[in-house]
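For reference, each letter of the sequence shown is one residue, going -50 to -1, 1 to 333 in mature numbering (1 follows the signal peptide of the UniProt record, and there is no 0). In this text, a Cβ means the ideal position worked out from N, Cα and C, and glycines have one as well.
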Amino acid sequence: METKNKGVTTNNTFVYKIYGRQLKMKKKLNMKKMSGLLFLALLAALTLSACDSDTQTASNSNVDKSGSADGASASTAKSSGAAKNETYYWISQNSTLPLFVANDYPGLDRAAKELNIKVEKAGPTNIDLSAFIATIDQVCAQKPAGVTVVGWDPALTEAVNRCMDQGVPTITDDADLPNSKRFSFVGTDWYDIGVQQAKAMVKATGGKGEIATLSMVNADNMKRAVAGFTDTLKGTELKIVAQEDDGGDSSTAASKTASLLSAYPNLLGIAGFDSESGAGIVRALEEAGKVGKVKVTAMEQTPEFLNTVKEGKVDAIIIQKRELFTYYAIKTLYDFNHNGLSVNGLTGWEANPVPVNINTGLLVVTKDNIGKLLDAMTKRNTK
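This is how it looks when you write it as structure tokens:
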């Protein structure tokens, strides 16, 4: 750090300037009687003290600026020293899913860098609810600064409650646990995901014929999506003939799709609601020679999967703003700890100082906008 100092002696008053701040020591000095060595020692002590104070303040200023630069609601650090020692956790099952690595992790990492904190990713790498619950309990026993949980299943509710009861600030992202004690949810409205897929399916099929769905049928967020889908189709002539569970696995989705094509030869469309559904559906249609004949709506998976819209294999893909909601999940936890806001004088655990629900929205990708999206992604990746 480059330090601009200026020492001035005026009327026996010593004034020391650093970055425009003044540290004043008023002391009558008899310069003739004071030895040069003592004067230099005093000057050195003052310099070290002032520089140490300024370094800490500069660090705090950097945290404040990075927090406000991206429009965070109130994420300013009270002390950079305290913040940098804080550890937050993101916990999910299937935690190394390509969708998460490509989209969720960058948001977590960016928030960690901006806030000068540590963010850990935890949870089983497969679909294992028991291991998921155990991970939540193990993490919260360590008393981290905060935890965000992907609320895949209502069975996670009690684990989240235990975290809150231990004094660990806990929220949900991506999928909610509305009956838990969590103090906030950050993510997409899954009911709206179903609504948007239904609208796309009606447009692709003409609103008449047999269709089916693939999802993780026990996941609460996908139940909401399927509810939005079926509600929106009321009044149309589209009939849902099957609702299959693919377990969040593309191979299972392909197998289920093949079975659907065999059982329902007049099947006109398939809607996939988890990130692996779409890839499995497309694979089965390619093998059956029915690409384009059976209409497909799906969720995002990897950047490469978006090309299926350009190729005419998928009619619409719903993209969640995943990097956005993991980023704001961590910032919400951080705000809970640091924003200092009150509700009629009540703060923190007495009265939740952050929004209860943060809807980060979604993007519907079709043949009309896929070109623009792919161009933007290419430019981003070449920077």
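Close beta carbons around residue i, own chain, < 6 Å, minus the five adjacent residues each side
i: Gly96; result: Tyr38, Pro119, Leu283
i: Lys189; result: Glu160
i: residue 337; result: Since the displayed the chain opens at -50 and closes at 333, residue 337 lies outside it and no answer follows.
i: Arg132; result: Val110, Thr120, Ile121, Thr122
i: Gly57; result: Glu273, Thr276, Tyr277
i: Gly178; result: Tyr141, Gly144, Val145
i: Ser42; result: Gly73, Val100
i: Asp196; result: Leu164, Thr202, Ala203, Lys206, Ser227
i: Lys172; result: Checking the displayed sequence, the identity of residue 172 turns out to be Met instead of Lys. The residues are Ser165, Met166, Phe223.
i: Trp40; result: Leu58, Lys71, Thr98
i: Val232; result: Thr258, Lys263
CB of residue i within 8 Å of CB of residue j, strictly
i: Gly222; j: Ala248; result: yes
i: Cys113; j: Ile86; result: yes
i: Gly239; j: Ser200; result: no
i: Glu194; j: Leu217; result: no
i: Gln147; j: Ile268; result: yes
i: Tyr214; j: Val191; result: yes
i: Ala266; j: Ala150; result: yes
i: Ile280; j: Thr46; result: no
i: Val264; j: Gly290; result: no
i: Ala61; j: Asp103; result: no
i: Asn53; j: Thr75; result: no
i: Thr328; j: Lys271; result: no
i: Glu254; j: Leu49; result: no
i: Asn129; j: Thr155; result: no
Residue i in three-state terms, based on DSSP
i: Lys71; result: strand
i: Ile267; result: strand
i: Ile320; result: helix
i: Arg330; result: helix
i: Gly137; result: strand
i: Thr107; result: helix
i: Ser212; result: helix
i: Lys245; result: strand
i: Lys63; result: helix
i: Gln193; result: strand
i: Val314; result: strand
i: Ser165; result: strand
i: Val51; result: helix
i: Thr46; result: coil
i: Asn294; result: coil
i: Val118; result: coil
i: Leu274; result: helix
i: Ala221; result: strand
i: Gly198; result: coil
i: Val99; result: strand
i: Ile41; result: strand
i: Glu237; result: helix
i: Leu283; result: helix
i: Leu188; result: strand
i: Asn289; result: coil
i: Ile77; result: coil
i: Asp181; result: helix
i: Asn302; result: coil
CB-CB length for residue i against residue j, believed under 8 Å
i: Gly198; j: Asp224; result: 5 Å
i: Val246; j: Lys317; result: About 13 Å; that fails the 8 Å criterion.
i: Val89; j: Ala72; result: 6 Å
i: Ser292; j: Pro303; result: 7 Å
i: Leu256; j: Val176; result: At roughly 23 Å, the Cβ-Cβ gap does not stay under 8 Å, so Leu256 and Val176 are not in contact.
Other residues of its chain near residue i: CB distance less than 7 Å, five sequence neighbours each side excluded
i: Asp325; result: none
i: Lys153; result: none
Neighbourhood of residue i by C-beta distance below 8 Å, restricted to the same chain and skipping five residues each side
i: Thr186; result: Val152, Gly157, Lys158
i: Ala208; result: Ala234, Glu237, Ala238
i: Gln116; result: Cys90, Ala91, Lys93
i: Gly262; result: Val241, Gly242, Lys317
i: Ile308; result: Ser134, Phe135, Val136, Gly137, Phe275, Tyr278, Thr282
i: Val69; result: Thr37, Tyr38, Tyr39, Trp40, Leu58, Asp59, Ala61, Ala62, Ile280
>> So, does the stretch 295 to 306 touch the stretch 77 to 89, judging by three or more C-beta pairs under 8 Å?
In response: no
> Touch check for the stretch 114 to 128 and the stretch 137 to 154: three-plus C-beta pairs under 8 Å?
Replying inline: yes
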